[in-house]
Structure formats: structure tokens, C-alpha cells
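Protein sequence lines correspond, in order, to chains A and B. Heads up, my numbering is the position in the first sequence plus 38, with the first residue counted as 1. Heads up, my numbering is the position in the second sequence plus 48, with the first residue counted as 1. C-beta atoms are modelled at their ideal positions from N, C-alpha and C, and glycine is treated no differently. All values derive from a computational prediction rather than experimental measurement.
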Amino acid sequence: MSYSSSISSIYPRKWTTGLGVKVFLIFVFFGLTSCGGGESNVSAGNKTGTLYWGNGTEPQSLDPQIATGVPEHHIISAVMEGLVLKDRKTLEPRPGVAESWTISEDGRVYTFKLRDNARWSNGDPHTAHDYAWSWWRALQPALGNLYAYMLFPIENAQQYYEGDVSDFDEVGVKALDDRTLQVTLSFATPYFLQLLDHYSLFPVHQATIEKFGDADQRGTRWTYEGNLVGNGPFKLVDWKINRRIVVQSNPHYWDAKNVSLKEIIFIPIENIVTEERMFRAGQLHVTSSLPADKISVYREAKNPELRIAPYLGTYYYRLNVRKPQLQDPRVRRALAMTVDRQRLVDNITKGGQIPAYAMTPPGTMGYYPESNLKFDPEGAKRLLAEAGYPNGEGFPPTEILYNTNEGHRKVAVALQDMWKKHLNIDVRLLNQEWKVYLDTESAGQYEISRAGWIGDYVDPNNFLDLFLCDGGNNRTGWCNEEYDRLILDVAPSMTSHEERLKVFQKAETMLLDDMPIIPIYTYTTVQLVSSSVKNFDPNIMNAASYKDIYLQADE
Amino acid sequence: MYRFAFGRLLQAIPVLLVVITVTFFLVHSAPGGPFSADKAVPPEVIKALEEQYNLNQPVWQQYVSYLGDVLQGDFGPSFKYSGRTVNELIAAGLPVTAELALYAMLVALGVGITAGVGAAMRPNTLQDYLPMTGAMIGICMPSFLLGPLLVLIFGIHLDWLPVSGWGDIPGDKILPSITLGTGYAAYIARLSRGGMLEVLSQDYIRTARAKGLSERLIIVKHALRGGLIPVVAFLGPAFAGLLAGSFVVETIFQIPGMGRFYVQAAFNRDYTLILGMTIFLSTLIILFNLLSDMLAIWLNPKLRHEIQGAK
């Protein structure tokens, strides 16, 4: 592809010279002289302890009580830490800022003992009072904290947030002394320790926040480089918009001596095709994703750098039960029974996804939902006929709504095809741009709509409480008071884990019998991870424990 | 000349006002708000956010206060990037995008003019057909195809150049500049070929040939100035187009320019960011068109006379 040589044969001599000079000048201008032979980020980083991390999009905020996305989560979990950490493989609670804790017999009162060497990244002492203040801030409505509900298990937190309780002293958070924090819950919440590792419950540095604005003011500059004070294993040193965010190990961190990485460079890359190329060129240790059509290439090559791991999320379709043709549960079940999930994940999505026959992913806190849903075209035909549409005759025009995305389109086309083949009903596809789709779905102006839910914490409650009658994420119009009672009243009152799971199973069965949703598959994370990245184990939350990771090039 | 420029600048004011107004009401009437999300947003949060960004006021009131801010050069805070102002985001992306556009322009001019002039010198020969076929391909080849293709060849297979970045690794500016410049190079090649062909058939060129001047001297001294006028007229819109259209190249090569923000802003319904970028780019387009018109007048005596005659 050398431009000048292919042209030289047809240009007269004098012009070739001119062209050559010009091309030469242009290349000099770009500094071509030094290209080639440079060391890649990955091999240089392996020597210096610098991890290059593909991080999706530019973070919208690094304020743990404002941020919501996955890219934000990665950076925040490097520069901040909660009372409790999660085991990097099993996600079991491990001591974080709290070196130990006790739980009262009724499971409602947690008493945390903080480490006496806990420090902020500027050297300030880090005490139990920081938590009381941070959680007060997290519950200020003006802050617009989307994850305020993560604090609601705490006694009176919801009431305080909604204005029914005006005195924060009534909320169940007390700093008994500098090193002791007592938290009282409204009822025993088995997943409370997990919540402490969610960034909405991370502590924030009061003096820094107040230096840059009011405590409940959004969008102040306290989270920028040079300003941000955190308590995590790393500290923020550089933030170049759309280019990179650099964190370096924090000498004041309580466990600093066990942190191996010197530096992490988070690079925002929206284009996953570019990201894959960067990985191949050795510019990244870890990618956030992998284009679906590349998965089989990496698989066939048995590339050890391809990582596919189950992810705590369910891909499903909502059925709008307010629409006449979808009011009958038999119709909804017939639709669900004719989705050949195995074929779908093998041939369409190809990312090792697991066919889902229930809403809650299997293995969530030891919960494996039982389901009588299976691929059964014959049974589905009968159900549809019973509901008044023998062989699909007279089935009203129905649309699948999805947000514009090639992957969603392929799934929708596959389901359209399966329903035509097995039930002889015609559904059309309607794609809408993301925000339009959200509007249409929330307004209930759809028949069938694509959806996905990624767990905030590992507990069936997080998946099943979506379908409460007035749940903001329900959007199907389905409402069952007995179901609400099970989730809201019965499950929290259970004292043993097994009893509680049985209640969830009962609720899940009700949901599946009525089928306001069609579970399709359990998500997987598909990403590329350089073989030099050690101690980075896959887990169902796809949460990286940066303090454990170290880099070592293979020989 | 100054009167001409001043007149054009005056005309720009109503144009910009129309741009602002249309964009403002368009983005505000687009379905979906800046704060809607996959996860249901509690009403308390929506209320707090709308209050903070004055979205609870009637739209016309928001419009008036926005116009007031813009007049003072303040595009307001970004809705999505909490704590960043639109001015700050533009300031972060502009130098990068401008640099990219400049290099792409150099590629376009260098390759385009060389190919176009070369073709015009031997019309209807291989020396004409080959670069012009190349130009046609260049015009038709979208950058989202050319970019990955170049990366595949020079970045992955030959491993000569970095596959992405901007100013991070030596040589990482080459592929994006070529990718962005190629389409324009092709267009410029066709423009300069056309311009040169016209000029080369003029009497004064025949005179120069009759004098026995070398072909090279004829081209460089006599023909280029006239022959490149169409190219000059194209420069303004081209540069503006490069600035506004660098999005695809910025995404492919992971370049922290303005373009990526522009498109993200539209997806996010980040009203202030969409508006700020639109106003900023419109202003640039108007200015560059004016500059290239002025350059064309300066180069072309015919136009100069027309303007003076119009006085």
C-alpha cells in the first residue's frame, strides 16, 4: 500500500520527485520518525506495575453517591472502600475498613469495629463519624442519589429520605466512638453486609466536600484530580476527559503494604471494536467487552485470554398484560414456551449465556429457582388454542419493542421466527433509540419489550422485588397482592436462610405461572484479559479487587 | 473587502439565532429526558434534578434565560457529566479535534492537489484515469471502513503504527489523519483537476507555452493560482466539515476530541451540551466560510472587481 511507489511508475520523473518530497514532509510532520519498535503498554506496564484497563465510557461522576454506571464503579472501587469488602472469588464478606463486626441475635443490630490505622488519602484519620455523615449525605433528596434505596434497610432511612422523619438522629446509624459504628436495621436483612461494599454506602471525606460546595450539592469539583480524597487502595492523580483516568497506590491505605499495583490507567473506550484492536496491539491488559462476532474467533483459536463468566443479570422480555391479547396468562405462557433458549444462546448470542427459565439467576445466594417452564411447542400450541387462538388464527398485531442495538435485534428476529414457526403468529419488530424506548416502555405503550436486569447485590430479593405492584421497574401492568405480601412482609420476617429462600421460591413460582415476563438467558461477561494479570478472578458481579491484582509477564 | 466581511458577519447573527432557537426547541421536544434511565428514577430524584437545572420552569422561560447565558459566552453546566461545564468540555476537546482536522487537511491538500494537477496535465491518459479512479474510490469509501482497514494493515499486520490514541504513543496521529483526510483528498483531487483543466485551456497558458517555457514553470507559476480557486473555495466548508465530522474517526481511533461528546450528548439528551456544541460549530462554519470566500476574492481578480463594482 505504499502510495508513492505505486504512483511513481506512471508519473513522469519530475513529478515523482515532487510527490515524494511532499509525502515525506507530511510524514515528518506527524513524527513518523519514531514509530515502530516501541514497547507496548502491556509489556511496559508489566515491568512498572501499571495496569491498563479498558473502561467503557467516560465516567459521568466519581461521587459515590451520585454515580450509577459500571465504568464509574470500577474507578470508585479503586479509590474508595466500604466497611466490608467482598472475597474476590466467592463474594463472601471480608473485613474492609471494619476489622470486625458483631451481629445481634435478632439480626438487626450490627456493630462495626474500625481499624485504628484507617486513614484518608490525605492522611486524615478515618473514623466511624465519617459513616454517619456520609450516609446522612446519601439520603439528602437534593443530591439526587439514584441508589438511595440501598440504604433503606437501615431503620428509618426511607422515612427520613421521604421526609416522614425529619431528625437524622432517628435513623439507625450511630458512631458510638471514633472506632465503633452501630447500625440498626428495620428488619434482619441477610444481604446487608453486601450492601456495605456498594459505592452508595462508601464513606466520603466531609472536609473536602464542604470545601467545594454544600454537602447536598451536585456537580461540585470535589471529585476531580487534585481535590478528591478517598480511603481506597489507590488515589486519583489524573483525569483527562475522554482520554484517561490515572490512579496510583495510596500510601495511607490501611493495607498499603499488600497492594502490588503501582498504577491503574482507566481508558474510556466506547467502541468495543476499537477496544479489541487495542488489546491485540498490546495497549490494554483488560477489555470491558468483546464484539459478539469476535467471540467465536477467540473460541476456535482456544485463546486463553478470552474470559467468559456468568454474570448476575437476566435478559428477559416484558409482556404488557394490559394489552387485550396478552391479558390471558395462557397466551403469555405459550409465548414463553416457544422460545428455544438453547438454540438462541448457541447460535445467536454465542457468548456462553445460560438459558434462563426463571427471573432470578441460578446460584444467587444459594438459591436455585425451580421452574416448570420448558421449551414445549406442542403444549404451547394447545394453550394458545385454549385461549382462543387455534393455530394462531385471529391473534392481533403485536410488536416487539427494543432499543436500537444489533444484538437486541438478532434476538428479536430469532423470537419472531420461533413464534411464527411454532405458534403461527406474526409479530413485528420496532426499534427505538434508547431514551425514546425508555419513554415508550414506562408509558406502557408496547406489547412486548426487551429488558435486562443486572443485580445490585447478590440476593433473590433484588430480582423479585422488580415486579411489585407499584414497583417503578415493573412496567408490565402485572400486579398480584399475594406476591407483594410474600416479598414485602413474609420474606423479611423469616429468620432462617432456607425458610427465606422457600418464600422466594413461592413468589418466583407465582411470577412464572402468570408469566408477565419471559426470561431468556442469564448474562455472561465476555472480556479479554491478558495472561499477565494475576489474582483477577471472575465473579458473578464482575467486580475487580484491584488491591489483590498483580502483573507478571509469562515467560 | 472589510465592508464585505462586516456585512457577512452581520448576516451571521440572525442565522445563529435561528440555529439556537430551532435546536433548543428540537432537543426539548425530543422524547425522553436527560434523567430517564433503565432503572426507575424515584420521583424525589427527578424533582431535585429538574430544580437544579431549571427544567421545572416553562420552556420559553428556560429559552430566554439560556439565550441570556449564551450572550455572555456561558453554555451552562453539562447535565450528564456532573460538575463539568459545557465550555470546559468544548475546551478539552477542541484542541485535539482542531489538530486532527489540520493534519487531515494537510493530507487532503498534499495528496489531492498533487493527484489532481498531475491528472490535469495528461488528461485522458493513465496518469489521469488512475488517480481519478482512486479519487472516486476515496470519495465513496466511508471512514468507518477505511479506518479499520488501515489499522488492520499498518497497526496489526505490519505493526508499524499504533492502532489508537492521540499523542500517547509516537506515530499515533498518522492513521487518523489519513483516514479523515482521504475523503477530502479525493474531493480536492477532482476539484483541482477540473480547475486546472479549465485554466490550462486559457489563452495565457497557450502564450506561455508559445514562449517556450517549461511545462513545470507553466504549471507552478501561471496555472496553479487560477486552477486552485475551486479548491480554495472548498477549504472553508472542508475545514468546518472536518471539525464537525471527525466523530467517526475519533471513535475508531479512540481520540479525545469534541466529536465523541457531540454524539454522546444527543444520546444522553444532555440539552446544554448539544446546544453548546451546535452553536459553537455553527459559528465556526460561518467563520470558515467567510474566510475562504475572502481568500477566493483575494486570489481571483474577477471577484474583486465584482465586489468593488457592487460598491
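Chain-order list of residues whose beta-carbon lies under 7 Å from that of residue i (same chain, five-residue window excluded)
{"i": "A136 of chain A", "result": "L121, V122, F150, K151 and L152"}
{"i": "L248 of chain B", "result": "A168 and A271"}
{"i": "E546 of chain A", "result": "A396, M397, T398, P407 and L502"}
{"i": "L364 of chain A", "result": "L357, N358, R370 and E485"}
Integer-rounded CB distance, given that residue j should sit under 8 Å from residue i
{"i": "N358 of chain A", "j": "T514 of chain A", "result": "6 Å"}
{"i": "S81 of chain A", "j": "A591 of chain A", "result": "7 Å"}
{"i": "I267 of chain B", "j": "A156 of chain B", "result": "No, I267 of chain B and A156 of chain B are not in contact; Cβ-Cβ is about 20 Å, not under 8 Å."}
{"i": "Y262 of chain A", "j": "V211 of chain A", "result": "That pair is no contact at about 28 Å."}
{"i": "A330 of chain A", "j": "T387 of chain A", "result": "7 Å"}
{"i": "Y185 of chain A", "j": "H236 of chain A", "result": "7 Å"}
{"i": "L276 of chain B", "j": "G229 of chain B", "result": "About 17 Å; that fails the 8 Å criterion."}
{"i": "W491 of chain A", "j": "L504 of chain A", "result": "6 Å"}
{"i": "R241 of chain B", "j": "M306 of chain B", "result": "That belief does not hold up - the Cβ atoms of R241 of chain B and M306 of chain B are roughly 33 Å apart, past 8 Å."}
Coarse secondary structure for residue i, derived from DSSP in three states
{"i": "A213 of chain A", "result": "strand"}
{"i": "D216 of chain B", "result": "coil"}
{"i": "Q244 of chain A", "result": "helix"}
{"i": "V61 of chain A", "result": "Residue confidence for V61 of chain A is low, a pLDDT of 46 falling below 50, so the modelled location carries little weight; the figure read from the coordinates is stated next. Helix at V61 of chain A."}
{"i": "G293 of chain B", "result": "coil"}
{"i": "N385 of chain A", "result": "helix"}
{"i": "Y588 of chain A", "result": "strand"}
{"i": "D276 of chain A", "result": "strand"}
{"i": "P163 of chain A", "result": "strand"}
{"i": "L248 of chain B", "result": "helix"}
{"i": "Q103 of chain A", "result": "coil"}
{"i": "E137 of chain A", "result": "strand"}
{"i": "F301 of chain B", "result": "coil"}
{"i": "R352 of chain B", "result": "helix"}
{"i": "Q286 of chain A", "result": "strand"}
{"i": "K340 of chain A", "result": "coil"}
{"i": "I345 of chain A", "result": "For the record, residue 345 of chain A in the displayed sequence is Arg; it is not Ile. R345 of chain A falls in the strand class under three-state DSSP."}
Bridge-paired residues (DSSP) for residue i
{"i": "G92 of chain A", "result": "A:I305"}
{"i": "R264 of chain B", "result": "Beta-bridge pairing links R264 of chain B to no other residue."}
{"i": "R465 of chain A", "result": "Per the sequence shown, the amino acid found at residue 465 of chain A is Val instead of Arg. According to DSSP, which records beta bridges pairwise, V465 of chain A is partnered with A:T436."}
{"i": "W457 of chain A", "result": "According to DSSP, W457 of chain A bridges with nothing at all."}
{"i": "S487 of chain A", "result": "A:R356 and A:L439"}
{"i": "W171 of chain A", "result": "BP columns for W171 of chain A are empty, so no partner."}
{"i": "G351 of chain A", "result": "A:I492"}
{"i": "S142 of chain A", "result": "Answer is none; S142 of chain A lacks a bridge partner."}
{"i": "K572 of chain A", "result": "A:Y588"}
{"i": "I392 of chain A", "result": "A:T560"}
{"i": "F150 of chain A", "result": "A:W139 and A:L219"}
{"i": "T402 of chain A", "result": "A:Y405"}
{"i": "T325 of chain A", "result": "None; T325 of chain A has no bridge partner."}
{"i": "P125 of chain B", "result": "B:T133"}
Beta-carbon proximity list for residue i, same chain, < 6 Å, skipping 5 on both sides
{"i": "Q391 of chain A", "result": "V383, Y559 and T562"}
{"i": "H290 of chain A", "result": "R157, S159 and G161"}
{"i": "E301 of chain A", "result": "T88 and Q286"}
{"i": "W292 of chain A", "result": "R153, N155 and A156"}
{"i": "H243 of chain A", "result": "W158 and V267"}
{"i": "W171 of chain A", "result": "Q244"}
{"i": "N183 of chain A", "result": "Q103 and A176"}
{"i": "I222 of chain B", "result": "L209"}
{"i": "K448 of chain A", "result": "I386"}
{"i": "L343 of chain B", "result": "V280"}
Neighbourhood of residue i by C-beta distance below 8 Å, restricted to the same chain and skipping five residues each side
{"i": "I438 of chain A", "result": "Y355, A450, L453, Q454, V465, R466, L467, L468, E485, I486, S487 and R488"}
{"i": "R345 of chain A", "result": "T563, V564, Q565, L566, V567 and P576"}
{"i": "R217 of chain B", "result": "A small fix is needed here, since residue 217 of chain B is Ile in this sequence, not Arg. The answer, listed in chain order, is P210."}
{"i": "R308 of chain B", "result": "G141, F295, E298 and T299"}
{"i": "S531 of chain A", "result": "F225"}
{"i": "F282 of chain B", "result": "Y235, I236, L239 and S340"}
Amino acids of chain E, ordered along the chain, whose beta-carbon sits closer than 8 Å to that of residue i
{"i": "T299 of chain B", "result": "Checking the listed chains, one finds no chain E in this structure; the protein chains it contains are A and B."}
Is there contact here, the stretch 206-215 of chain B with the stretch 290-302 of chain B, by at least three beta-carbon pairs under 8 Å?
-> Remark: three or more beta-carbon pairs, one from each stretch, lie closer than 8 Å, so the stretch 206-215 of chain B and the stretch 290-302 of chain B are flagged as touching.
Specify whether the stretch 218-229 of chain A and the stretch 105-114 of chain A touch according to this definition: at least 3 beta carbon pairs, one from each stretch, less than 8 Å apart.
-> no
Using 8 Å as the threshold, is the stretch 110-124 of chain B in touch with the stretch 322-332 of chain B, meaning 3 or more CB pairs across them?
-> yes
Flag this pair as touching only if the stretch 280-287 of chain B and the stretch 148-166 of chain B have three or more C-beta atom pairs under 8 Å; answer yes or no.
-> yes
Would you call the stretch 571-587 of chain A and the stretch 537-555 of chain A touching, i.e. three or more CB-CB distances under 8 Å?
-> No contact exists between the stretch 571-587 of chain A and the stretch 537-555 of chain A.
Report yes or no: do three or more beta-carbon pairs, one from the stretch 98-106 of chain A and one from the stretch 173-183 of chain A, lie closer than 8 Å?
-> yes
Taking 8 Å as the threshold, find out whether the stretch 120-139 of chain B comes into contact with the stretch 184-203 of chain B through three or more Cβ pairs.
-> no
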